[in-house]
Every structure is written in C-alpha cells, then in structure tokens.
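These protein sequences, in sequence, are chains B and D. For what it's worth, the UniProt record's numbering labels the leading residue of the first sequence as 1, then goes sequentially. For what it's worth, the UniProt record's numbering labels the leading residue of the second sequence as 1, then goes sequentially. For each residue, glycine too, the CB sits at the ideal point set by N, CA and C. A quick write-up on the structure given underneath.
There are 2 protein chains.
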Amino acid sequence: MSTQHQAIARCREFLADHQIAMGEAINIRHYTDWSNYKHIQPFAVVFPKTTEQVSKILAICNELKQPIVPQGGMTGVAGAGIAEANEIVIALDKMNQIEEIDPYASTMTVEAGLTLEEAQNAARAADLYFPVDVGGRGSCQIGGNIATNAGGLSVIRYGMMRDHVLGMEVVLADGRVLNLMNKMIKNNAGYDLKQNFIGAEGTLGIVTRAVLKLSPQPKELTTCLCAFPDYLSAVKLLRHLQKRLTTPNAFEVMWDEYYQLSLSWMQNHANPLSQHYPIYAVFDVEGSAEDLENILAELFETGEILDAVIAQTQAQAHQLWLIRETVPAEISSTGRPLCFDVSMPIGQLGEFKAICQDRIAKQYPQLASLFFGHIGDSNMHIILDLKDQEEQVIDDLIHGLDEIVYDVVRQFKGSISAEHGIGLLKRDYLHYSVDENALNVMKQLKQLFDPNGILNPHKVFKSI
Amino acid sequence: MSTQHQAIARCREFLADHQIAMGEAINIRHYTDWSNYKHIQPFAVVFPKTTEQVSKILAICNELKQPIVPQGGMTGVAGAGIAEANEIVIALDKMNQIEEIDPYASTMTVEAGLTLEEAQNAARAADLYFPVDVGGRGSCQIGGNIATNAGGLSVIRYGMMRDHVLGMEVVLADGRVLNLMNKMIKNNAGYDLKQNFIGAEGTLGIVTRAVLKLSPQPKELTTCLCAFPDYLSAVKLLRHLQKRLTTPNAFEVMWDEYYQLSLSWMQNHANPLSQHYPIYAVFDVEGSAEDLENILAELFETGEILDAVIAQTQAQAHQLWLIRETVPAEISSTGRPLCFDVSMPIGQLGEFKAICQDRIAKQYPQLASLFFGHIGDSNMHIILDLKDQEEQVIDDLIHGLDEIVYDVVRQFKGSISAEHGIGLLKRDYLHYSVDENALNVMKQLKQLFDPNGILNPHKVFKSI
Chain B
1 MSTQHQAIAR CREFLADHQI AMGEAINIRH YTDWSNYKHI QPFAVVFPKT TEQVSKILAI
61 CNELKQPIVP QGGMTGVAGA GIAEANEIVI ALDKMNQIEE IDPYASTMTV EAGLTLEEAQ
121 NAARAADLYF PVDVGGRGSC QIGGNIATNA GGLSVIRYGM MRDHVLGMEV VLADGRVLNL
181 MNKMIKNNAG YDLKQNFIGA EGTLGIVTRA VLKLSPQPKE LTTCLCAFPD YLSAVKLLRH
241 LQKRLTTPNA FEVMWDEYYQ LSLSWMQNHA NPLSQHYPIY AVFDVEGSAE DLENILAELF
301 ETGEILDAVI AQTQAQAHQL WLIRETVPAE ISSTGRPLCF DVSMPIGQLG EFKAICQDRI
361 AKQYPQLASL FFGHIGDSNM HIILDLKDQE EQVIDDLIHG LDEIVYDVVR QFKGSISAEH
421 GIGLLKRDYL HYSVDENALN VMKQLKQLFD PNGILNPHKV FKSI
Chain D
1 MSTQHQAIAR CREFLADHQI AMGEAINIRH YTDWSNYKHI QPFAVVFPKT TEQVSKILAI
61 CNELKQPIVP QGGMTGVAGA GIAEANEIVI ALDKMNQIEE IDPYASTMTV EAGLTLEEAQ
121 NAARAADLYF PVDVGGRGSC QIGGNIATNA GGLSVIRYGM MRDHVLGMEV VLADGRVLNL
181 MNKMIKNNAG YDLKQNFIGA EGTLGIVTRA VLKLSPQPKE LTTCLCAFPD YLSAVKLLRH
241 LQKRLTTPNA FEVMWDEYYQ LSLSWMQNHA NPLSQHYPIY AVFDVEGSAE DLENILAELF
301 ETGEILDAVI AQTQAQAHQL WLIRETVPAE ISSTGRPLCF DVSMPIGQLG EFKAICQDRI
361 AKQYPQLASL FFGHIGDSNM HIILDLKDQE EQVIDDLIHG LDEIVYDVVR QFKGSISAEH
421 GIGLLKRDYL HYSVDENALN VMKQLKQLFD PNGILNPHKV FKSI
C-alpha cells in the first residue's frame with residue numbers, strides 16, 4: 001500500500017468521513033491558486049477540526065514520510081499551495097472560529113482557517129480595525145496570510161502581517177504543538193520562535209491559531225491624485241506628508257503608460273487632471289483637505305508637483321482609485337496577465353523602472369510593460385498582458401521576462417519577492433536575492449524543523 | 001596551553017596589540033552590567049575593527065571550543081553580557097561607523113558598535129528620527145539593542161527594536177558571515193533569518209552591521225497628567241486617545257504609593273493635582289491641547305477621569321515627567337533597587353498588581369513594592385528598595401520575591417521578561433513563560449547555530 005493510502009487509512013481512525021475528500025470529491029479549488037500555474041488533483045484533502053487532529057495527521061505523515069501541503073484560501077500567486085498528485089492537502093477550513101476579542105489588549109484570537117474578511121468584519125464590529133488587506137480577502141485565510149507574510153496597500157501605514165501577529169499556535173512536522181499564544185506587545189522571554197513560521201510558506205510548520213493585534217479604526221481619509229515631473233518628486237511628496245501630516249493609509253504610484261491605459265479602459269471617465277504627466281500618485285491620508293492643500297501648494301511652487309486633484313466626494317475618491325485599479329483588473333479578466341512583485345531601496349525604483357522597461361522593450365518590442373506600485377514600501381509591480389502571444393512561445397517568453405526582471409533586481413540588490421512569496425514560481429531565482437550562506441542557513445532550518453521533508457516539499461527552495 | 005591562551009595567540013596574528021586587552025589592562029566596564037549582578041574580570045577582551053576580523057575570531061574560538069561573550073555598552077540588567085574568568089569578550093567598540101543615511105529609503109546603515117545616542121543624533125541631523133530610546137542611550141550600542149530587542153518608553157508609538165531593523169550582517173559561531181543587509185520594507189524572499197538574532201542575547205550569532213528604519217521627526221507634543229478611579233479607566237483613556245487623536249508617544253501609569261513617594265522626593269514640588277487618587281497616567285501626545293481637553297472632558301463626565309492637568313510650558317511638562325522618573329532614579333542612586341520587568345495582557349495588569357502586591361506584603365511586610373509601567377505595551381515594572389535589609393538575607397529575599405512575582409506572572413500567562421531579556425538573572429524562571437516544547441525548540445536552534453556552544457554560553461538557558 002502506498003504511503004498516501006496508509007496515511008489516509010490511519011487518519012480515518014480519528015477523522016469523520018466528511019473530513020476527508022478524495023478523487024472526484026475534491027473541490028477544484030484545491031487544484032491550483034490564483035497564479036493558475038498548474039492544475040493538479042491532490043491525492044486527498046483532509047479537514048481537521050482541532051489542533052489535536054492537525055497534530056495527529058502530521059505525526060502520521062511524518063512517520064510515513066508522506067508529503068503534506070497546507071492550503072488556505074488559494075489566493076496566492078506563487079504556487080506555494082499547489083500539491084502534487086501524490087501529496088495530501090491539509091485544509092483548515094473547519095478551524096475558522098473567532099475565539100475572543102479582547103478590547104483592553106486590543107487583540108483578536110482566531111483559528112487559522114478564518115477568512116481575512118471575517119477577521120476584518122469582526123474587528124470592525126468591536127469598534128477596532130484589522131488593517132491587513134489584500135484582494136483575496138473574501139477567501140484567503142489568516143493562516144495563509146501568516147504563512148505568506150501578506151502585504152497589500154495598507155503596509156505603508158500599518159506594516160505587514162508579521163507586524164500584526166502577537167502570538168500563534170503552530171504544529172511542527174512531527175506533530176509537536178508549539179503554544180506561542182502571546183497577547184503582549186512586549187515579550188522578550190527567550191527566542192521569538194513565531195517569527196520562523198511567518199512568511200515560511202508552510203514549509204516549517206502549520207499555524208493553527210493566532211493572536212492578532214488590532215488597531216483603532218482609521219479616521220476620515222482624504223483622497224488625492226498628484227502628478228510629478230519624475231519619480232523622486234513622488235518620493236519627496238510622501239516624505240513631506242509623513243513629516244507634516246501623517247503617513248498615508250495607501251500611497252500608490254503609476255507611470256504614464258499605465259495611467260493612460262487605465263483611462264482608456266474606464267468608460268465615460270475623463271482625465272481628472274488637465275493633461276498627461278510622466279508619473280502620478282494616488283493616495284489616502286488622514287487630515288483635512290486644507291492641510292493637504294497647503295503641503296501640495298508648496299511643492300507646486302518648487303515644481304515638484306505639476307498638478308493635483310483632491311476628491312471632494314466619496315464618488316470622486318472612488319473614481320481616482322479606479323485609475324489605479326483598472327489595469328490589473330482588466331488584464332486579469334480579459335487578458336493573460338504576467339505580474340512581477342519586486343522590491344528595492346525606495347530611491348532606486350525610478351532608475352530600476354527605466355532600465356528594466358528599456359531591456360524588456362529591446363528584447364520584446366511587441367510587449368508593453370506597465371509599472372506601478374506601493375513605493376512607500378519599496379515595492380514595485382510590473383504587469384504585462386500576454387494574450388496576443390502565440391501559445392507555443394509563452395513559456396519561453398515568461399522565462400525570458402523573468403531573466404530580465406530578476407537580473408535587474410539583482411543589480412539593484414533588490415528582492416525578487418516583495419509580498420507574494422517564492423512558492424514554486426520564483427524558486428529558481430531565490431539566489432538572485434539571497435546569498436549562498438543565507439540560503440544554506442534556510443536549508444538548515446528546514447532540516448531542523450522538518451527532517452523528513454514532508455511539509456510543503458520543494459516550495460521556497462528544493463528540499464534536500 | 002589553555003584554549004583561551006591558544007585563541008588569543010592566534011588572534012594576535014591579525015589583531016594589533018591595542019585590539020587585545022588582558023588582565024589588569026581590561027577596563028572594569030567589561031566586568032559587569034547595570035544589574036551589578038556579579039563582577040568578573042574576563043580572560044581577555046578583543047576589539048575587532050572589521051567583520052572579517054569578527055569572522056576570524058569566531059572561527060578560531062569555534063575550532064578551539066573557546067567560549068566567547070559579545071558585549072555592547074553593558075547597560076543591560078539581566079547579566080547577559082557578563083563573562084566568566086575563562087571566557088573571551090568580543091567588544092565591537094571599534095566598529096562604530098555610520099556608513100550611510102538614505103533619505104529616500106529613510107534608512108541608516110551602521111556598524112553594530114555605534115551607540116544608540118549617536119544613531120539618534122545622526123538621524124536628527126538628517127531631519128529624520130530613530131525612535132528607539134532607553135536610559136542607557138549614551139553607552140548602549142546598536143548591536144546590543146538588537147541582541148536584546150530593546151524597548152523603552154516609545155514602544156507604544158513606534159514599536160521595539162525588532163520593528164526598526166530592516167537588515168543586518170551577522171557572524172555565525174563558525175565564522176560564516178550572513179549578509180542580510182536589506183533596505184526594503186517588504187522582502188519575502190525566503191525565510192526572514194534576521195529575526196532569529198533579534199532578542200537572542202548574542203547566543204546565536206554576533207551582529208556586526210545593521211540597516212535601521214528611520215521615521216519622520218515627531219510633531220509637537222502635549223504632556224498631560226491624569227488621575228483615575230481604577231486601572232481599567234486608564235486603559236480606557238489610552239484607547240480613546242488612540243481612536244480620537246493618535247497613539248501617544250509615551251503613556252506611563254503609576255499607582256498612588258509610587259506617586260506619593262515621588263512627590264516626597266521631589267524638592268519644592270507640590271502635587272500638581274488637587275488631591276491624591278488611586279492611579280495616574282502621564283503621557284505625551286501629538287495634537288492640540290484643545291483636542292485633548294475635549295477628550296478628557298468627556299471621560300471626566302463619566303467619572304472615568306477624576307482629575308487632570310495639561311502642561312502649558314516645557315518646564316511644566318518636565319515637572320510632570322519627573323513624577324514618573326524620580327522613584328527609580330532616586331532608588332538607583334541612594335538605595336539598593338530590585339526591579340522586575342514583566343508583561344501580561346493589558347486588561348489584567350491591574351488585577352496582577354493587586355494580587356502581586358498583596359502577596360509581597362504578606363510575606364515581606366517590611367518592604368514597599370512600587371508598581372508602574374508602560375501599560376500600553378502590556379509592560380509592568382515593579383521596584384523595591386532593599387537598602388535597609390540585612391546583607392546576609394538579601395539573596396534569600398531576592399529569591400523569595402522572584403518566586404512570588406514570577407508565580408503570579410505565570411498565573412496570568414504573562415512573560416517574566418517584557419523588555420530586559422533573560423540573560424543569567426531570569427534563566428531559572430524561563431519555563432514560567434515558555435512551555436516545554438518551545439524551550440526544546442529554542443535549544444534546537446542554539447544547537448543548530450552554535451553546535452559547540454561557544455557563543456555567550458548558558459545565557460537565556462543552560463546550553464546543552
């Protein structure tokens with residue numbers, strides 16, 4: 001009997017029938033993630049209801065050396081949750097309770113299968129706020145957000161998922177349960193073990209519960225669109241806002257190709273500015289429109305802002321944000337998007353864009369590369385639409401683009417993954433951003449936490 | 001020849017004479033830290049000037065299995081930097097350069113021997129701000145701040161040292177250099193290895209360089225002293241400020257025994273409030289006095305604030321802060337202080353105080369225990385003055401007090417170390433806050449990073 005059959009047979013001793021799906025009974029949502037990288041029916045999907053069940057499942061798989069792949073909402077775009085046909089998936093969908101909201105500590109204690117949106121809603125209902133937010137909020141799960149150290153538009157103000165996890169319970173490959181359920185802001189009692197599991201993409205342990213740090217609800221926001229003569233002027237505005245007003249809740253930069261394409265796709269939407277400019281930022285910031293106007297006026301005087309519009313109504317704010325949101329939404333729904341998610345020191349993103357776009361244009365003149373991003377977090381996204389490319393060259397094309405983008409990232413000592421993780425899709429380029437000694441230590445940690453290599457094998461890097 | 005003689009002999013091959021101190025030539029500042037726990041002349045102190053020298057020193061010690069203790073400014077209070085007589089100290093005093101301030105990225109790249117105050121000053125000179133601040137700022141070093149995950153009064157607004165370290169260079173026990181010098185806010189390329197060395201008290205590696213995240217300079221602050229009927233009313237004010245105004249830059253709570261003692265020690269200083277109350281908070285917050293007054297007025301109406309004074313001048317603000325600062329300063333200079341640094345969920349600190357103080361009073365009626373702390377960070381300090389106790393019972397007394405305080409901390413699922421670390425002094429109580437599985441994983445990490453147990457041995461926990 002194969003190890004996967006043996007493992008499932010032993011799991012049946014403590015899991016009910018509805019906690020195990022096999023073959024055609026497996027919902028196709030378990031086949032792939034939002035990258036659509038490959039579609040595979042895993043051998044089985046198990047749905048534990050308790051930490052003890054997770055522990056037993058892992059102990060069995062560890063003993064049998066049976067690979068097991070943790071899945072959350074499968075909204076990732078790096079293939080980190082995709083299982084092979086001989087692998088067992090563990091899905092925490094049935095562990096989705098909110099255990100407690102503590103208004104004094106300003107914390108929320110949850111099971112890892114809770115969706116991000118449910119966590120956000122529960123916080124809001126308690127007059128608090130869980131600031132991590134990503135497009136997949138309706139289906140992505142807190143456990144997955146932790147495993148990928150989720151980012152998003154609000155990182156500039158509130159930080160990444162890592163900054164919102166006060167405590168966790170995590171099950172190790174051999175079934176040992178680590179209770180790290182801390183509710184305190186300060187705790188220096190020994191090594192901060194939980195950090196190892198945040199952003200490890202499920203390769204070192206499976207998070208089963210977490211204590212999340214909540215924030216006060218944001219105050220009223222003013223939305224603004226600004227145009228600049230160059231990239232560094234956009235950075236300068238950001239630093240002025242931070243110094244004089246406060247850190248914006250979101251600050252997104254777009255270059256003109258992106259801006260123009262967006263407007264062309266937005267029906268009945270005229271350019272809210274009087275003409276086109278090299279680069280734009282749309283942002284939300286707390287504070288009055290008057291305070292904001294004063295800051296903008298000063299930078300207008302020095303020529304560092306060329307044009308600006310402050311939304312006067314909610315509807316106008318929404319329209320300004322649509323300029324930022326339309327391109328990826330449209331390419332995702334009607335085209336064949338290829339997205340990059342890289343980071344480098346903030347001052348260099350403009351230079352990176354120029355070099356990278358130039359190299360892409362020279363090698364692939366038929367492709368338009370569109371640059372935009374969370375520049376306050378050092379994070380640039382690039383999107384291309386491959387829908388008009390011939391099917392047989394697509395793989396080579398993607399490979400060629402990867403080579404160009406990641407080579408330029410390496411030149412700038414940047415990261416090939418700002419917020420999307422490594423998974424399978426960027427695994428071969430990890431050494432562009434991580435030197436040999438560091439990569440070896442990562443492999444040593446993998447060996448320490450998962451000596452049999454059963455946990456999400458070959459994700460992030462090839463297991464030994 | 002002993003291993004320590006051999007090690008120093010080999011270090012002489014690449015270190016100049018003035019980079020090695022032995023015997024009487026060792027400055028007594030290397031004997032102990034601010035805990036005064038014990039005074040020991042180490043075998044030698046080496047002062048590397050480059051990362052390469054650190055690497056060579058560690059490789060030699062690792063080969064010879066010679067213990068080596070990293071020291072910063074020796075302002076710690078847990079004994080983590082104290083070396084035994086057969087141990088070699090490595091001090092990074094000569095690696096104290098500021099390599100770069102990047103105004104676009106808002107980062108500072110420094111060597112680990114730089115003092116905190118120099119880092120703060122350099123940030124300010126660049127119109128930026130490095131918010132980590134502790135009493136030892138003039139002598140403590142960035143490397144030590146990282147190794148202890150330093151806290152302080154500003155954590156509530158800005159976070160701990162961990163939140164300000166974007167990148168680091170760290171030398172492992174065997175001399176391998178890990179280059180983790182990231183300047184980006186977002187970087188999800190593999191495991192975030194640097195987290196392992198933050199707060200590890202020099203037991204897993206020696207940090208040689210760091211990239212620090214800088215903030216905008218704070219805006220003008222309003223200082224206020226409030227009195228409350230009970231502890232939870234103080235927490236409620238904090239949450240109101242956060243929601244309506246912003247998070248205070250510091251928010252310190254004192255119970256009445258502490259407050260009265262402070263006033264009695266402050267010459268010519270009348271109570272700024274009209275009478276005494278059960279509990280007080282002094283805080284600094286951005287925003288106008290008028291906005292603050294409106295919030296206070298509402299809570300005054302509901303009886304959750306009993307009295308308050310807002311400083312009208314810098315001098316008044318200073319006087320209000322003196323009430324918070326006088327007790328520890330006075331006991332440290334004229335008495336024999338015993339301090340505790342614990343944390344637990346914010347809502348429970350009041351209950352903890354009542355139980356803990358009661359148990360101390362019952363067992364040691366001759367001692368006054370004074371409670372105060374950074375309650376927004378879940379952090380309580382307790383200070384006692386042992387100066388009138390007989391010398392021969394002091395050790396038993398300290399042991400007895402440790403037992404009481406840490407036992408109550410354990411009941412509340414709190415931490416025996418909020419911000420001071422474990423070092424030697426709290427090592428025997430680590431298991432009060434860390435369960436067996438977690439402690440075992442910490443030991444596994446120690447074994448992985450330092451298989452010969454040469455790095456700051458027996459600190460945090462007894463090495464295997």
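The beta carbon of residue 380/D sits no closer than 8 Å to any beta carbon of chain B. Boundaries for residue 265/B: no beta strand (DSSP E) harbours it, while the alpha helix (DSSP H) harbouring it runs 256 to 265, taken from the DSSP string. Non-local C-beta neighbours of residue 47/D in its own chain, meaning closer than 7 Å and more than five positions away in sequence, comprise 19, 91, 93 and 94, ordered along the chain.
Measuring C-alpha to C-alpha distances from residue 264/B to each of 209/B, 297/B and 322/B identifies 322/B as the nearest. Cβ contact annotation for residue 158/D (same chain, cutoff 6 Å, sequence separation greater than five): 131, in chain order.
Taking 7 Å as the cut-off between beta carbons, the residues of the region 241 to 258 of chain B near chain D are 242 and 243, in sequence order.
The criterion of a C-beta distance shorter than 8 Å is not satisfied by residue 285/D and residue 355/D. In the DSSP annotation of this structure, the continuous segment of the beta strand (DSSP E) that includes residue 280/B starts and ends at 279 to 286. The beta carbon of residue 399/B is closer than 7 Å to none in its chain, skipping five residues each way along the sequence. Straight through space, the alpha carbons of residue 422/B and residue 360/B are spaced by roughly 22 Å.
Beta-bridge annotation (DSSP): residue 370/D is paired with 383/D. When only Cα atoms are considered, residue 8/D and residue 103/D end up about 42 Å apart.
By the Cβ criterion, the region 186 to 200 of chain B is not in contact with the region 74 to 82 of chain B, since fewer than three pairs of Cβ atoms, one from each stretch, lie closer than 8 Å. The CB of residue 420/B comes closer than 9 Å to the CB of 188 in chain D, given here in chain order. Around the beta carbon of residue 369/B, 16 or more other beta carbons sit within 10 angstroms, so the residue counts as buried. In this structure, residue 439/B and residue 430/B form a Cβ contact; the two beta carbons are roughly 7 Å apart against a cut-off of 8 Å.
Between the C-alpha atoms of residue 10/B and residue 252/D there is a straight-line separation of about 55 Å. For residue 341/B, the closest of 26/D, 39/D and 189/D by C-alpha to C-alpha distance is 189/D.
One thing to note: residue 202/D has its Cβ no nearer than 8 Å to the Cβ of residue 171/D. Contact residues of the region 306 to 329 of chain B toward chain D are absent (C-beta to C-beta distance below 7 Å). Proximity to residue 257/D across 272/D, 29/D, 383/D and 150/D peaks at 383/D, based on C-alpha coordinates. Where residue 332/D is concerned, the enclosing alpha helix (DSSP H) starts and stops at 314 to 334. Using a Cβ distance threshold of 8 Å, residue 378/B and residue 185/D count as a contacting pair.
For residue 183/B, the residues of chain D that pass the 7 Å Cβ criterion are 345, in the order they occur in the chain. Apart from the 5 residues on each side of it in sequence, residue 412/D sits with its Cβ closer than 7 Å to the Cβ of 344, 348 and 352 in its chain, given in chain order. Straight across, the Cα-Cα distance linking residue 31/B with residue 425/B is about 16 Å. Bounds of the alpha helix (DSSP H) holding residue 144/D are 142 to 147. Annotation for residue 167/D: the continuous beta strand (DSSP E) segment containing it runs 165 to 171.
In this structure, the CA atom of residue 300/D is about 37 Å from the CA atom of residue 214/D. The beta-carbon of residue 131/D is placed no less than 8 Å from the nearest beta-carbon of chain B. In this structure, DSSP gives residue 247/D a state outside helix and strand, which the three-state scheme calls coil. Nearest CB-CB separation between residue 176/B and chain D: below the 8 Å threshold.
Every alpha helix (DSSP H) stretch that sits fully inside the region 79 to 153 of chain D and reaches 4 residues is listed by chain position as 116 to 125 and 142 to 147.
Sequence-ordered contacts of the region 79 to 111 of chain B with chain D read 102, 103, 104, 105, 106 and 107 [C-beta pairs closer than 8 Å].
Taking 8 Å as the Cβ-Cβ cut-off, the region 451 to 462 of chain D approaches chain B at 460 and 461, given in chain order.
Neighbours of residue 396/D in chain B, taken as residues whose beta carbon is under 8 Å from its own, are absent, since the nearest beta carbon is some 25 Å off.
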